[in-house]
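Student: First, the structure itself, so that you have it in front of you.
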Amino acid sequence: MMTKPDVMGFFDEDTATWSYVVWDSSHIAKPCAIIDSVLDFESNSGRTSTQSADRIINFITENHLLTEWILETHIHADHLTASAYLKGKLGGKTAISKHILKVIETWEPVFNSAEDTPRTGYQFDKLFDDNEEFSIGNISARIFHTPGHTPADTSYHIGDALFVGDAIFLPDVGTGRCDFPGGDAADSYDSTRKIFSLPDNTRLFVGHDYPPENRSPACLTTVGEQKTSNTRVHEGISKDEYVAKRRKDDAGKPVPKLLLPSIQVNLRAGSFGTPVNDVQYIKIPINKI
Ligand SMILES: [Fe+2]
2 MMTKPDVMGF FDEDTATWSY VVWDSSHIAK PCAIIDSVLD FESNSGRTST QSADRIINFI
62 TENHLLTEWI LETHIHADHL TASAYLKGKL GGKTAISKHI LKVIETWEPV FNSAEDTPRT
122 GYQFDKLFDD NEEFSIGNIS ARIFHTPGHT PADTSYHIGD ALFVGDAIFL PDVGTGRCDF
182 PGGDAADSYD STRKIFSLPD NTRLFVGHDY PPENRSPACL TTVGEQKTSN TRVHEGISKD
242 EYVAKRRKDD AGKPVPKLLL PSIQVNLRAG SFGTPVNDVQ YIKIPINKI
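Residues 2 to 290 in the numbering used here are what the sequence shown lists, from first letter to last.
Structure (structure tokens):
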């Protein structure tokens, strides 16, 4: 019988992000993974803070969990990862899909940060191959490449649960935008079909929620529910239909408020790079006039 992981979700109101702690309660050491953490950042003042990450640390500490993995589904463009902070406090290995090498290649020249954003991806402890298997305690886990939102999005298939990042959102919300560099609506559609190939009772945990007014933020659905009722990609919607609507809806969309800080920090696995006179900086590239 498949072991089901325990899952706790943490919602960040500012960026509508769901972070997760996933663990094996049947294992004596209670090993866990953290997925898609958030470092709070106030861009107007340049202040970082750790309330969101500390909620995760407190949960892990109170439940005596052992942090093995600090995972990212992709290089987020709307929030900074707390992975470096969490690793410092809890240990564990930072990891992401090997496809982020393409994302580094695209974005590193924008920030001119080669000295601390190596193209090798060396800043992460582990770059996962497609379909690579790993484990959390006795629970088997697998890399499930789901590009579209970005070329590097991966989902994590852990026991009966799939952590999908921005590949697909709750049924009444749809899917993640596909207009970032290397993003592709056709890939996004194919990724939803790959997700639909899993058993209907597979639990899906989404990376964001943007709830309509009639409900509060939620994070859990199933493959079966998505197939019948996802507003953008339910069964019966053709690839052409999806791609045309996704492209139309993404056209002219404003970039996320924290795009530039997020990408440069997330490409360094959560680090701010080398300080100057003990001060850390964010670079804002501007257009030349
Ligand atoms: Fe995203």
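No residue lacks a Cβ here, since even glycine has one placed at the ideal position from N, Cα and C. The model shown is predicted, which means the values in this text are computed figures rather than measured ones.
1) Going by DSSP, what residue range makes up the beta strand (DSSP E) through alanine 17?
2) For alanine 96, does the three-state DSSP call read helix, strand or coil?
3) My assumption, with CB atoms under 8 angstroms, is that isoleucine 97 sits in contact with glutamate 73. Please give the rounded CB distance.
4) Should alanine 291 be counted as a contact of ligand 1 given a C-beta to heavy atom distance under 7 angstroms?
5) To the nearest angstrom, report how far apart leucine 1 and arginine 120 are at their CA atoms.
6) I want to check one thing, is the minimum distance from the CB of glycine 89 to the heavy atoms of ligand 1 below 7 angstroms?
7) Run the CB neighbour count on serine 217, radius 10 Å, all protein chains shown included, and call it buried at 16 or more, exposed below.
8) Taking Cβ to Cβ, would you say leucine 81 is nearer than 8 angstroms to phenylalanine 42?
9) How do the segment 178–187 and the segment 218–229 stand: do at least 3 beta-carbon pairs fall below 8 angstroms, yes or no?
10) Take valine 104 and list the residues in its own chain whose beta-carbon comes closer than 6 angstroms to its own, dropping the five residues that flank it on each side.
11) At a cut-off of 7 angstroms, would you count histidine 100 as near ligand 1, judging by its Cβ distance to the nearest heavy atom?
12) Which runs of the alpha helix (DSSP H) fall wholly inside the segment 198–226 and span at least 4 residues, in chain order?
13) Straight-line CA distance for threonine 68 to isoleucine 61?
14) Taking 8 angstroms as the cut-off, does the segment 136–154 touch the segment 23–34 (at least 3 CB pairs, one atom from each stretch)?
15) When you measure from the CB of histidine 150 to every non-hydrogen atom of ligand 1, does any distance come out below 7 angstroms?
16) If the criterion is Cβ atoms closer than 8 angstroms, does the pair threonine 275 and aspartate 117 meet it?
17) Do aspartate 167 and histidine 100 have their C-beta atoms within less than 8 angstroms of each other?
18) Do the CB positions of valine 244 and threonine 193 come within less than 8 angstroms of each other?
19) Tell me which residues share the same chain as leucine 261 and place their Cβ nearer than 6 angstroms to its Cβ, disregarding the 5 neighbours each side in the sequence.
20) Between serine 53 and aspartate 13, is the Cβ-Cβ spacing less than 8 angstroms?
21) Is the beta carbon of cysteine 179 sitting closer than 8 angstroms to the one on glycine 149?
22) Just confirm the distance between the C-beta atoms of histidine 146 and aspartate 161, as a whole number of angstroms; I'd bet it's less than 8 angstroms.
23) For leucine 67, which of helix, strand or coil comes out of DSSP?
24) When you compare each of Lys5, Asp37, Asp25 to threonine 18 by their alpha carbons, which one comes out closest?
25) If we cut at 8 angstroms on Cβ distances, does threonine 74 have a partner in chain B?
26) Closer than 7 angstroms: is that where the CB of glutamate 75 sits relative to any heavy atom of ligand 1?
27) Shortest alpha-carbon distance to isoleucine 238 belongs to which of Lys94, Ile287, Tyr190?
28) If you measure between the beta carbons of phenylalanine 181 and threonine 155, is that distance less than 8 angstroms?
29) With respect to the alpha helix (DSSP H) encompassing tyrosine 243, which residues constitute its N-terminal and C-terminal limits?
30) Rounded to the nearest angstrom, how far is the Cβ of arginine 247 from that of threonine 151, given a contact under 8 angstroms?
31) Quick check: what's the CA-CA separation for valine 174 versus aspartate 279?
Tutor: Well, looking at it:
1) Here residue 17 corresponds to residue number 16 of the sequence shown, with the count starting at 1. Premise fails: alanine 17 is in no beta strand (DSSP E) and is neither H nor E.
2) Looking up residue 96 in the sequence shown gives position 95. Alanine 96 falls in the strand class under three-state DSSP.
3) By 1-based counting over the sequence shown, the position of residue 97 is 96. By 1-based counting over the sequence shown, the position of residue 73 is 72. Indeed they touch by this definition, with Cβ atoms about 5 angstroms apart.
4) In this structure the chain extends from 2 to 290, so residue 291 is not present and cannot be described.
5) Since the first residue of the chain shown is 2 and the last is 290, residue 1 is not available in this structure.
6) By one-based count along the sequence shown, residue 89 stands at place 88. Glycine 89 Cβ: outside cutoff for every heavy atom of ligand 1.
7) As a working note, residue 217 is residue 216 in the sequence shown. Exposed: under 16 other Cβ atoms inside 10 Å.
8) Here residue 81 refers to the residue found at position 80 when the sequence shown is read from its first residue. Here residue 42 refers to the residue found at position 41 when the sequence shown is read from its first residue. Note that the C-beta distance between leucine 81 and phenylalanine 42 is below 8 angstroms.
9) Verdict: no, contact absent.
10) The residue given as residue 104 occupies position 103 in the sequence shown. Residues of the same chain with a CB within less than 6 angstroms of the CB of valine 104, apart from the 5 flanking positions on each side, are Ile76, Ala153 in chain order.
11) Reading the sequence shown from its first residue, position 99 is the one you call residue 100. Histidine 100 Cβ: outside cutoff for every heavy atom of ligand 1.
12) Look at the segment 198–226 and you find no whole run of alpha helix (DSSP H) that is 4 residues long or longer.
13) Locating residue 68 in the sequence shown gives position 67, where the first residue counts as 1. Locating residue 61 in the sequence shown gives position 60, where the first residue counts as 1. If I take the Cα positions, the gap works out to 8 angstroms.
14) yes
15) Here residue 150 refers to the residue found at position 149 of the sequence shown. Within the cutoff, so yes.
16) For the purposes of this step, residue 275 is taken as residue 274 along the sequence shown, with counting starting at 1. For the purposes of this step, residue 117 is taken as residue 116 along the sequence shown, with counting starting at 1. Contact flag set, yes.
17) Reading the sequence shown from its first residue, position 166 is the one you call residue 167. Reading the sequence shown from its first residue, position 99 is the one you call residue 100. Contact flag unset, no.
18) Here residue 244 corresponds to residue number 243 of the sequence shown, with the count starting at 1. Here residue 193 corresponds to residue number 192 of the sequence shown, with the count starting at 1. Contact: no.
19) Reading the sequence shown from its first residue, position 260 is the one you call residue 261. Taken in chain order, the residues that qualify are Ile285.
20) In the sequence shown, residue 53 corresponds to position 52, counting from 1. In the sequence shown, residue 13 corresponds to position 12, counting from 1. Taking 8 angstroms as the Cβ cut-off, serine 53 and aspartate 13 qualify as a contacting pair.
21) What you label residue 179 is simply residue 178 of the sequence shown in a count that begins at 1. What you label residue 149 is simply residue 148 of the sequence shown in a count that begins at 1. Yes, Cβ-Cβ distance for cysteine 179 and glycine 149 is below 8 angstroms.
22) Start at 1 with the first residue of the sequence shown, and residue 146 comes out as number 145. Start at 1 with the first residue of the sequence shown, and residue 161 comes out as number 160. Not a contact, Cβ separation roughly 19 angstroms.
23) Numbered from 1 along the sequence shown, position 66 holds the residue referred to as residue 67. Leucine 67 falls in the strand class under three-state DSSP.
24) In the sequence shown, residue 18 corresponds to position 17, counting from 1. Ranking the options by Cα distance to threonine 18, first place goes to Asp37.
25) Of the protein chains in the structure, only one exists, and it is not chain B.
26) By one-based count along the sequence shown, residue 75 stands at place 74. The sequence given here places histidine at residue 75; glutamate does not occur at that position. Under cutoff, so the answer is yes.
27) Your numbering for residue 238 matches position 237 in the sequence shown. When only C-alpha atoms are compared, the closest one is Tyr190.
28) The sequence position of residue 181 within the sequence shown is 180, counting from 1. The sequence position of residue 155 within the sequence shown is 154, counting from 1. When the beta-carbon positions are compared, phenylalanine 181 and threonine 155 stay at least 8 angstroms from each other.
29) The residue given as residue 243 occupies position 242 in the sequence shown. 240–251 is the span of the alpha helix (DSSP H), which, as asked, contains tyrosine 243.
30) For this step, residue 247 is matched to residue 246 along the sequence shown. For this step, residue 151 is matched to residue 150 along the sequence shown. Actually they are not in contact, since the Cβ atoms of arginine 247 and threonine 151 sit about 14 angstroms apart, beyond 8 angstroms.
31) Reading the sequence shown from its first residue, position 173 is the one you call residue 174. Reading the sequence shown from its first residue, position 278 is the one you call residue 279. Cα to Cα, the separation comes out at about 43 angstroms.
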